[in-house]
Structure formats: C-alpha cells, structure tokens
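Here is the structure we will look at, set down as structure tokens.
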Amino acid sequence: MTSPTPAVRWRRRGLTSVALLALLGGAVVAPAALAAPDPEVPTGSLITADTAWHYLDDGSDPSPAPAALRDWTLPAYDDSAWKSAAGSFGAKGGKLAPVGSQTPKTLLNHYLDGAAAPTVPTYFFRTTFELEAGVAEQVAALQSTITYDDAIIVWINGTEVARYVDGRITDTVNVEYAGDGNGSPLTSTFSAEGDLLHDGTNTIAVSLFQDRETSSDIFFDMSSLTLVKASAPGTPVVAPPTRVILTPTEQPAVSQSFSWLAGDASHTVGQVEIAPSAGGDPRTVDAYDAGVVNGNPNKHFSATVTGLTAATEYRYRVGLPGSWSDWYTFRTADPAATDFQFIYYGDAQIGLDTTWPSVVKQAEAKAPRSIGSVHAGDLINTSSNENEWVNWFKGMKDSAVRTNVMAAPGNHEYSGDKLLTAWKAAFEYPHNNPSTSSVGELAELARGDSAVAQQYRAFFDHWSSFAAETAYYTDYQGVRFITLNATRDTTFLTPAGLPSCTGAECPSSQIGVLWTRFQGAWLDLLLQNSPSKWNVVTFHQPVFSASEGRDEPVLRAEWLPVFQRNDIDLVLMGHDHTYARGYVNTDATETPGLTTGPVYVVSNSGAKHYDLETPEKNVWTNNGATQVLRGQGVTTYQVIDVSKNQLVYRSYLAEKQPGATTDLPLGAVYDTFTVTKSDAGEKWVTEDGVTPPEPEVPAKVELGAASVKAGGTVTVAGSGFAEGAQLRFELRSDPVQLGTVTAGADGSFQRTLTIPANTPAGAHTLAVIRADGTEVTASLTVTAAAGGGNTTPGTSTGGSTDGDLATTGADSAPYVIAAVVLLAAGLGLFTMRRRRQHAEADAE
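Here the sequence shown is numbered in the working numbering, starting from -19 and rising by one per residue.
Given below as structure tokens:
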C-alpha cells in the first residue's frame, strides 16, 4: 500500500479560527497581528547519508508476545539496545560488497549463525527526525525514496505508509521470508499525508525481508524524505521541479529544449518562462506531459522554445505559477564561434552516489568554456530503478541546467525498461532520427506488396517513430554531434502487429543487423552532407572492444566502413569499463606519432571496472587496428578543446583502482592527442609532442584581367604547384593549346598568353593542366576583336601548333624590339621627306 499524494490543502489547523475571526470583524485583529510568524517548513531532505539508524539484524522478533505485533513501530518503543549506524545497509555473501548497482556503507549480518545459510529472514530499522513547533500543521504531505532488496514495509509514527513486493508478507508475524529474488535492488517513491506528523520527534520504522534462506544479498537505503508545504486554497503545492536539464535541438542557435520532473504529483501542467538576460519581458511556453515512470507519481515535462537569438544569454525557470524552479541561464549557440570545449563521459552506471558526482565536478572544473557533454551510454545500471536516476541527475544538476547534454542509450538503459520509457520521459532530443526518407537506397526494401516488403515496411515505420530520441544529431558551432543507438534489443525494435513472413530473406530473422544497417545508411548521408568542419559520433558498444571476452562484429561490419569512408574525426564509445584509444592501420604514416583518419576511443566514467583482453585475443590488433593506449582500473573524463583548425583531446584520471595499469596521480592527464584539419580538409592526428606537417597550399591561377579581346593578351600567374611541374595551357570551350610552362622552385609561374584572334566572343575557361591530368582553371571572357568580328577560322591564331609556348611574353621580346626600331626608322624618313617638301615649296 502506498498512500496517494494528497490534494492541495491549506493549513490543517486554524482554518476554523480564521473564519471565526473574519466574522467577528477587526476587534481581535490587533492581537493576532502581534503573533510570531510561522516557522519555515524544511525544504531539504530530513533523511541524509549521515542520518543514524538503529537496526536489528540477528533474526530476533522486536515485539515478542505478549507485546502487540507492531509495537516496535511506535514512537515510544525503546530501541536503545539495537545497533546504530548511518545508511545505506546491506551485504553480499556475508561481505560488504556491491549489491547489484548499489554499494552499502554499513554491513548487515547476513546469516543467522554469522557464517552461512540460512539467512536472516527480516531486518528492522528505526530513526527519527525533528519538526520545529508550528511546522507540522503546515505540511500537506511527505515524500520519500527508498531502495530495497527484497521486500519492504515502512511506517511513520506507527502508521503504515508504504509496502512493496509484499505478495508473501503474512502480517501475522514480524520475522518471515518474503518478497522476490529481484536481482538488483529496486527503488520506489512513496507519499503520505501530512496529518501523520506532529511537532517534535517523528519516528520512521522499516521492515526489510529476505526472499529465501539462501538469498545471496540484502540491501536498504532511504535516500530522501522531504516535506510538501500546504498551500492556500486554489494555489498549487509549493514543490519546485527537479531533474532540470537542457538538451539540444537541431538548430541550437535559435532554439532550446528543456526537461524536468514535477515537484509534486498534483502538478499536471508545466511551463518554461524565458527572457534575455540583458532584459526584456519573459515569454511563457507550455510544456507537454512526458508521463510518469518507475512508480514515481510525479510527471515529467518537456518543452522546446523556438525563435531565440543566436549567441545570446537567456535566463529561464521551469514549473508552473506558484511553484517555479530557480532561475538559470544558458547561451544559445554562436555560428561564428570557433573556440570552445565539450566533455565526453563513458559509463557512469555504478557509483552514482559517490564516483559519478566527483567525476562531473572534476570535469566541469577543467572545462570552464564547455558548451555541453556527450555521454556514451549506461548512465545508470537499471533503468527501472528510480533512485539511480535520482543520483545521476544529482551529479549533473549544476551543469545540466546551463549546458546541453547529448546522451546515447546503452544496454543498461533497457534494463527493466525494454521500451526506454524512463529515457524518453527524462530527455527531449531532436526528432531527426533515421527514417525511410533519410536512409537512401535501403528504403527500397520496404517498397512493394510482397510479404518481405511489408515486413520491412513495418520495421522501418516503427523505427522511424518509436526510435526517436535514441539516434539524433545537432550542429553546434562547427561540430556535427551525432548520436547512435548501438543496442539491438528485439523487444524495443519489433513493432506490434508485425506482418507474417517466412524465409531467410525476411527481416525478422536479422533484426539486430538490419537496425544497425538502418542507422549506418542514415549516418553515411549525414556525414556526406555535413555542413560542419568537425564530425563527432557517440554510441555505447564499441566497434573495437577492449575488455576481456567482448566483441561487436555487427557494429564493426556496418559502421566502421562509414566512419572510414567519410573520415569522421572522433568516435566516442563506452560499455567496456576500460580505456582504449587507437586507429585503423591504413591510417598510419611513415612518421611515428602521426596518423590520418578517425580516432576511436573507449572510456569509463564510473566505478565499475573490467579486465583488458589478452594480447592474443585483442580485438583491435586482430581486426586491422592499433591501440595507442589501453588501460584498466581507471575512471576518466575527457575534455575536448575545439578551435578553428584543431581538436585537442585530453583524458584526465579521476579515480583508479588497486592494480590500475598506470602510476599517474589522480588529476593527471592520462591521454592526449590533437586532430589538425585545414580548411581544404587535409587532416593529421598527432601524439603529444609531435608537430603536424604544414598544410599543403592549394594550387591556384589568377588572370591579369577578367576579359580580353580576341587576338589580345592576358597575363596568367600560378602558385601552389609542385616544384618543376610541367604545365600546359588550354583555352576552352573548343580546346586550343596555348603552350607550356615549368613551375619554379616555389611552385609558381607567370606568363603572358595571346588569345587566338578567331576565338568566339563569350565565356571561356583557361585551364592549367598538370602532367597527371589534374588541372586548375580560371574563367575568362573574350570579346570581339577590334575592326569588327573575329578573323576567319584558319588564319593566324597566334597560338602554338607544336606544343611550344605561344609567341608571347618574354619569349617575344626580340620581335617587339625589332618592330619598335623599324617603326622609329620609318618615322624618321617620313619626317625628313616632309621637311624637304616644305623647303621646296617655300623656295617657289
């Protein structure tokens, strides 16, 4: 039984008195005005990691006859003889060790004899919290989150408020086996009426049940207990939203998505209030209801705000009038920006309440210019475990409200949640996922009326809609961030009412491969048409596995050729709980520490660790790839600095285990490399300390004039050619050879060419052609020759007929000088003759 969240109430006591005072008029108002103000209702959790609990773990009954069965739950019960410690509590095989995804702080006695089965059937816990005088009457409800294995009952001040997995609880005895073997501990959130509370000391009591005599583990933790303040009639319960997170849109310069969890179950609507930080009236945008998940009665909400201005800081809050979050700020993307950072995290999964917040804090300190973070899946261990989501969001609470989170689902996002309901409720991602309109020729498989085509169509249509927000992309300040869903879960991928089909050619026989290929076709087109200089892809299971016993041949077969063909920059992965970084061997060069092509990385950002694969079974080396670095027992985060022509990648050591494969201290740079790319697309990957080659200067040709008359001359200058390159000139449209030239030591040349007099007027192309047939061209407009029209075809063209350079430029200098001399001599003879004629005329 779980008490429902109460309806909105005003103060429980004093309502009648207020009404009476109103009827009596102002005669008694003055004394009331002198009354002390009400104390504040606590806003934080009344149960923390430091809360002391009394507990009984020896298998004895806390209320043996003749006491009443549940006397031990009452405030007056004396538990002073019980053990005392802070939570969480648990045991695994009689030892203090992880229980599923949870790691207890305090060891419980696991076995009745302290050594071996049978196990202790039932454990009992008690603790208290204090309320200041005048607080209890202001409380509408309380809310608590508990994690347990296997079954549980909770009482407050002797009244039962929650029980879970209770099918075998008899309620006739205190000590009994009950519940189910859940595997990993479960998490539930319950609410109870505020009427149960009173000023002063309040008592919480818990029964925790083992499911059987041979159970391997036990666990209990109450991670929070908060109060919901009563509100005035007609106003919402004041309970600010939690799990506020920013996620990118397809156009992050002009729009932004927001998601959050309502603060109370009575909050059935949600809104975003937003305004430029520099000033201006706020806009209010309605959110949509993203549903309730994991037994938490509070709704998730998401909204996308459009019509924003690029490169602008905004302030915002989420919730609803009367129960808003704090004000937060974020900045829209700046399309002109080239210098910024982003963070890459591997699996968080285990240690969500300890390791994860520490890793995020360290990463944020190293990346003050971060625009957001990419997450390579397995954010949590069990998606149906609400407490794990609570802890993951706690770790991200400061960064997620001001920078974008780009996460990929991992296989553990499907754990206990095959349809990814928690994922879709928590995040709002662009709906630009693979669809039949974006996978190219692959969509042809779904055309037609055959049974095979109908089944393909059913799968493709299902993936086009249902798989939204699990594969997506966004272009952010010159980086195309692409997220893929590498998990091939048939429950998630199979549509309801799948048309029947028999035979090996039916897609139902190859769902995992087809889902991978479907995304690969979409990815190929995304990379071919990417407007961004940098392209980064994130997904969970790696194409090159690093840990022992793991391999992903399907992903490697379908996606690796796409990455290589499109020369993607970074491929960021997780899943293996180790670290590895490397490249495909065909991208190696003769220079040590200098490669080309994509960089492949596997990392781990949580407290779960696996062993590396042996050298003999190394998936990288056995599949044509090289590991530059590999390590185990390390927890890292990665900061990537983006600039106009470089990506500088640094992996930092956040935690390490005994036996880790590094002696570096915590906080040190564990791995680093640089990707350098010119505007022309020439790319180098360099290890630390290696300088990339100078980028090749692309060859270019410039003309001295944009137009020339037929029969006239034009100067041609070229640069960026190879030293001593043999080049020839060709005028088009009808090709006319204009000669050859040899590039100088610096790869340049300059010549003056004569355009054939019979060249038709209009637009032409002048090509400079290398010996291998490649060419550089320039546009040239030819106008009609002086004297009207072009010369008759077949007359002197002024061009070379034997492949030599046309009679132009420096090679024609002797002819020009001779012509000038002859012209001067002619002018002299003409002048002398004219003078003689004038003299003879004067004599007459």
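We put the beta carbon where it would ideally sit given N, CA and C, even for glycine.
Note that the structure is a prediction, hence the values are computed from the model and not measured.
- As the crow flies, the alpha-carbon of A448 is around 22 Å from that of F373.
- Pairing K209 with A313 gives a Cβ-Cβ distance that is not under 8 Å.
- Counting along the chain, N276 sits inside no alpha helix (DSSP H), nor does DSSP assign it H or E at all.
- The residue from L400, A212, S195 and R536 with its alpha-carbon nearest to that of T496 is R536.
- The C-alpha of Y57 is placed about 17 Å away from the C-alpha of H178.
- For N367, no beta strand (DSSP E) segment is defined; the enclosing uninterrupted segment is the alpha helix (DSSP H) at E366 to M376.
- Here N361 is buried. Its C-beta has 16 or more other C-beta atoms within 10 Å.
- In this structure, the straight-line span from the alpha carbon of G287 to that of G611 is close to 46 Å.
- When the Cα atoms are used, G243 and D306 turn out to be separated by approximately 12 Å.
- Shown here, E755 sits in a strand according to DSSP, grouped into three states.
- For V100 against G39, the beta-carbon gap comes to about 5 Å, under 8 Å, which counts as contact.
- Straight across, the Cα-Cα distance linking N274 with H355 is about 22 Å.
- F320 is bridged by DSSP to V622.
- CA-CA distance, M386 to A45, rounds to 59 Å.
- Taking 4 residues as the minimum length, the alpha helix (DSSP H) runs contained wholly in the region 436 to 500 are 470 to 473, in order along the chain.
- Looking at the DSSP output, P256 sits in a beta bridge with Y294.
- In the pairwise beta carbon analysis, the region 325 to 344 is classified as touching the region 580 to 597: at least three pairs are separated by under 8 Å.
- Contact between G357 and E393 holds, since their C-beta atoms are separated by about 7 Å, short of 8 Å.
- One alpha carbon belongs to N598, the other to P678, and they sit about 41 Å apart.
- Inclusion of P414 and Q499 in the CB contact set at 8 Å is warranted, their separation being smaller than that value.
- Per DSSP, reduced to three states, the secondary structure at R192 is coil, with no helix or strand assignment.
- Linking F320 to S623 through their CA atoms gives a straight-line distance of about 7 Å.
- Here E193 is not near Y144, since their CB atoms are 8 Å or more apart.
- Judged by DSSP in its simplified three-state form, Y394 adopts helix.
- Residue environment for Q82: buried (at least 16 other C-beta atoms within 10 angstroms of its C-beta).
- Short of 6 Å from the beta carbon of S713, and not among the five residues preceding or following it, lies no beta carbon of its own chain.
- With a threshold of 16 other beta carbon atoms within 10 Å, D151 falls short and is exposed.
- If you check the CB distance, D197 and A71 come in under 8 Å.
- Within the DSSP bridge table, the entry for I749 names R708 and E755 as partners.
- For P389, the CB contacts under 8 Å within the same chain, skipping 5 residues up- and downstream, are G357, L400, W403, T450, N465, T467 and H520 in chain order.
- A distance of 8 Å or more separates the beta carbons of G613 and K588.
- Separation of S25 and H280 (C-alpha to C-alpha, rounded to the nearest whole angstrom) is 21 Å.
- Checking the DSSP bridge columns, you'll see G70 partnered with L87 and F199.
- Every alpha helix (DSSP H) of 4 residues or more that sits fully in the region 531 to 568 is shown, in chain order, as 533 to 545.
- Within the region 663 to 707, the beta strand (DSSP E) runs of at least 3 residues that lie entirely inside it are, in chain order, 663 to 667, 680 to 683, 687 to 689 and 693 to 699.
- Separation of the CB atoms of N384 and P232 is rounded to 7 Å, and the pair is thereby assigned contact status at 8 Å.
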